[in-house]
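End of the sequence shown sits at 220 in this note's numbering; the numbers just go up one at a time, nothing left out.
We treat Cβ as the ideally placed atom computed from N, Cα and C, and that holds for glycine.
Keep in mind that this is a model prediction, so the values were computed, not measured.
Report on one structure; see the data block that follows.
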Amino acid sequence: MRRIKAEFVTSVAWLEQLPDADLPEVALVGRSNVGKSSLINTLLGDAKLARTSNTPGRTQTLNYYRVEPEDAGPFFLVDMPGYGFAAINRAKRADWGNLIERYAKSRTTLRGIIQLIDLRHPPQPLDYSMIEWLISHNHNYLVVGTKADKVAKTKVAELMLQAAEKLNVDSLDTIAFSSQSGFGRDKLWRWILDTTRR
Ligand SMILES: Nc1nc2c(ncn2[C@@H]2O[C@H](COP(=O)(O)OP(=O)(O)OP(=O)(O)O)[C@@H](O)[C@H]2O)c(=O)[nH]1
Ligand SMILES: [Mg+2]
C-alpha cells in the first residue's frame, strides 16, 4: 500500500473562503449518504479524517483535504455537501446549488469531479441532473458506484454497467467501490493520480 500524508485543511461555506488555488484538485459529489466522506477515509487510509454519519446531510461545507502521496505531487481532495437531502428547506437547497455551481465554474485548479452513486439502487433523478450538468460544462468526471460490498460479488460489474448505460456514460469512466472492503481503491487512485498530474 502506498504511503500518504493527508490532512484536513479547511471548511468552506462561501467561495471567498476557498484556499489559494495552488494545487490541482478533485471534488466528490453525490447524494447525501452515498458514501463520499467514507470514500475519502478509505482512500487515504485514515478512518477518522472525514466525518461520516448515518444522518444524511452531515457534510454541509466544501471540506478540503491536502493529500501528498509518496509517489506523486500533492493535491486537494474536496468533500462536497450531498444533494437530495429531503429534510433541508428550499432556500438551503438553492444555496447548495449556488455554491457548487459557482465553485465548479470558477475554480481554475479543479481537474476532475467524481460523482458517486449507490450501486444498490438505480441512479436517481438528481444523479441524472448532476451528470448532465458535468458533461454539459465539459468537466472531466468519473462515476463511482459505492457500497459494492452490499451487493452480490457476481453482480457488481453488471450493476455498474447498467448504471453507466442509464446515465449515458462510457463504462470506462466508471469504477465500482467499497469503503468497507477497499474494493476499487487501486483503480480510483490511478484515476486521481492521472487526473491531478495533468
Ligand atoms: N457497507 C457500506 N457502507 C458504506 C459505504 N460507504 C459509506 N457507507 C455508510 O453509509 C453512511 C453514509 O456515509 P458517508 O460517507 O457519511 O456519506 P456522505 O456521502 O459523506 O453523506 P453526506 O455527508 O450526508 O453527504 C455511513 O453509515 C457509512 O458507514 C460502503 O462502501 N459500504
Ligand atoms: Mg459526508
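Residue i: beta carbon under 8 angstroms from a heavy atom of ligand 2?
i: Ala72; result: yes
i: Asp101; result: yes
i: Ser75; result: yes
i: Lys169; result: no
i: Gly106; result: no
Can you tell me the Cβ-Cβ gap for residue i and residue j, rounded? I've got them flagged as a contact below 8 angstroms.
i: Ala94; j: Arg219; result: 7 angstroms
i: Val165; j: Ile139; result: 6 angstroms
i: Asn162; j: Gly134; result: 4 angstroms
i: Val191; j: Ile153; result: 6 angstroms
i: Ile197; j: Trp211; result: With a Cβ gap of about 10 angstroms, Ile197 and Trp211 do not count as contacting.
i: Arg53; j: Asp149; result: 7 angstroms
i: Val34; j: Leu84; result: 4 angstroms
Run through DSSP, which three-state label would residue i get?
i: Thr218; result: helix
i: Asp208; result: helix
i: Ala49; result: strand
i: Ser201; result: coil
i: Ser33; result: strand
i: Arg124; result: helix
i: Asp192; result: coil
i: Ala185; result: helix
i: Asp44; result: coil
i: Gly119; result: helix
Cβ of residue i within 8 angstroms of any heavy atom in ligand 1?
i: Val48; result: no
i: Leu138; result: yes
i: Gln184; result: no
i: Ser59; result: yes
i: Ile172; result: Residue identity check: residue 172 is Lys in the sequence provided, not Ile. Yes.
i: Val31; result: no
i: Val56; result: yes
- request: Assess, as a yes-or-no matter, whether the stretch 59-72 is touched by the stretch 113-132 under the definition of 3 or more beta carbon pairs within less than 8 angstroms.
  value: no
- prompt: Which ranges would you report for the beta strand (DSSP E) in the stretch 66-111 if only whole runs of at least 3 residues count?
  reply: 84-91, 97-101
- prompt: Does the count of Cβ pairs from the stretch 163-172 and the stretch 197-208 closer than 8 angstroms reach three?
  reply: yes
- prompt: Does the stretch 49-56 come close enough to the stretch 128-136 to have 3 or more Cβ pairs within less than 8 angstroms?
  reply: yes
- request: May I have a chain-ordered list of the beta strand (DSSP E) segments no shorter than 3 residues that lie completely inside the stretch 142-181?
  value: 163-168
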